[in-house]
Structure formats: structure tokens, C-alpha cells
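Quick note on numbering: the sequence shown equals residues 7 to 220 in the numbering used here.
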Amino acid sequence: MESRAHFGIAGAMLVASFVAVAPAHAQVGENLGLVNPNLATEQQLAGVPGLDADAVAAIMEARPFLRMADLHTVVAGHVPGEGHESVYRAMFVPIDLNDVSDEEILLIPGVGNRMLHEFEEYRPYVALAQFHREIGKYVDDDELARLAQYVYVRIDLNTATEEAILGIPGVGARMQHEFEEYRPYTSMAQFRREIGKYVDEDEVERLARYVEIR
């Protein structure tokens, strides 16, 4: 349910060549149909239960969302409180397991205070497999897979495998090549500078959410 980001015609054509399906073993949870508001088309957003035309327009205007809290601010202005859960069952900004507020975790449908505690207890997460192992103690396989599509663990720019890079939403083979082309990275400023040759500043910041230098 992910499409290319909104950068204008030239940028959209470039990003379209980068898009790939995320492999299940990547550091981003396997998407089971959850719409990514940063990458979705207007038509895909219009198909999210609870979003009217004004809400869709507001989301398109405000993106990219670098945190789930930013999306929630927009959604809360258009959807009554009781409607948030149905929206977030269909659309969500993936959250960094190691850099997320309690409030953002609790926006995941079906997550209450007890599961919030479990999400936090096992920090820092070094890999998504750790999330699967630890949270799998409390829920069945189907629920674990549902929860995993809401979360990710940042990858190390200098050691990440090709598969892990391709797991970043919106990244395909061409962008994966550019990520690897500039190794070793010595700073995030270098990453922004080099990847900024191919996409606009908003897209650089969206991609930067998923990476780090260890």
C-alpha cells in the first residue's frame, strides 16, 4: 500500500524507479496492507476509513511526517477521538522502537498500557528480530505480525545489508545502490549531502528516520 512520495513531476519519476517491496527479514516490519501516509497516493488516502476529502488534503499538504505524533496532530483536527483507531488500523507512520514517545506507541490500535510496558522493557532494540522474539512472548503469531508493521529499528548505514536497505519504505534497487556508494559514512550530514543529490530535502529527512551511524 505504499506509493511514491510527492516531490513534483521530476522527483516523482526518480523515486518511482527506487520503490521496492520490503523483504520480511528487513529492519522494518513487513507491511500487511498498512498505508504509509508519506508515500501514499491521494486515492489511497481517500480509501482510509474515517478520512474525508478535507483530511486527505490536509495530510497531503503536511507531509512528510517525521513522527507519528505529527500525523496525529493533523488527523485529530479532522477525525473525532473515537475514530482514530479505525484510521490507524489502515494508515500509520512507522515508529522507531528506540525513539518514540509513550503517546505514539499507544496510538497503535490494540496497544494499551500493558503492551506499552512490554515495548519499552526490551529497549534498546538492536534488530527487529529482537522485537519479534520478545513481544512474541505475549501475543500469537498473527498479532505479532500485525504489530510489527507499525515499527522499525534503524539500520547502520555502514554495515546494513542490501536486504535491510531495501526494507526502508520507498527504497528500491537504484536508491539502495546510492546508499552503498558513499560508504563509509562519517556523519549524518554526509548522508544528507550525498542522498540529497537524488531527492529533495523532505525525502532526505524521511529516509534519515530509518538510518544511523554506529
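Every residue gets a Cβ at the ideal spot worked out from N, C-alpha and C, and that includes glycine.
At 4 residues or longer, and completely inside the stretch 109 to 152: list those alpha helix (DSSP H) runs for me, N to C. 119 to 127, 134 to 141, all fully within the stretch 109 to 152.
In the DSSP assignment, find the alpha helix (DSSP H) that holds M97 and state where it starts and stops. Note, M97: premise wrong, no alpha helix (DSSP H); not H, not E.
V34 - partner residues in DSSP beta bridges: Partner(s): Y158.
Less than 9 Å between the beta carbons of F98 and L112, yes or no? Contact flag unset, no.
Mind checking L38: buried by the 16 CB within 10 Å criterion, or exposed? Label assigned to L38: exposed.
Residue range of the alpha helix (DSSP H) that D76 falls in? Counting along the chain, the alpha helix (DSSP H) containing D76 begins and ends at 74 to 82.
What runs of the beta strand (DSSP E), each 3 residues or longer, lie entirely inside the stretch 154 to 220? Within the stretch 154 to 220, no complete beta strand (DSSP E) run reaches 3 residues.
I need the straight-line Cα distance from Y188 to E200, nearest angstrom please. If you draw a straight line from the Cα of Y188 to the Cα of E200, it is about 7 Å long.
Chain-order list of residues whose beta-carbon lies under 8 Å from that of G89 (same chain, five-residue window excluded): So the qualifying residues of the chain are G56.
Counting C-beta neighbours from all protein chains within 10 Å, is the total for R160 16 or more, i.e. buried, or is it exposed? With 16 or more Cβ atoms within 10 Å of its Cβ, R160 is classed as buried.
Quick check on the DSSP output: the alpha helix (DSSP H) that includes E48 runs from which residue to which? First-last of the alpha helix (DSSP H) with E48: 48 to 52.
Which term fits A166, buried or exposed, when burial requires 16 or more other beta carbons within 10 angstroms of its beta carbon? Buried, by the Cβ-count rule.
Exposed or buried, which one is V27 when buried takes at least 16 other CB atoms within 10 Å? In this prediction, V27 scores a pLDDT of 33, lower than 50, which makes its location untrustworthy; no coordinate-derived value is stated.
In the DSSP assignment, what residue or residues form a beta bridge with V85? DSSP output for V85 lists no bridge partner at all.
Alpha carbon of P70 to alpha carbon of H78, nearest angstrom: When rounded, the separation of the alpha-carbon atoms in P70 and H78 is 13 Å.
For V106, the three-state DSSP class (helix, strand or coil): In the three-state reduction of the DSSP assignment, V106 falls in the coil class, being assigned neither a helical nor a strand state.
Span of the alpha helix (DSSP H) around V62: Boundaries of the alpha helix (DSSP H) around V62: 59 to 68.
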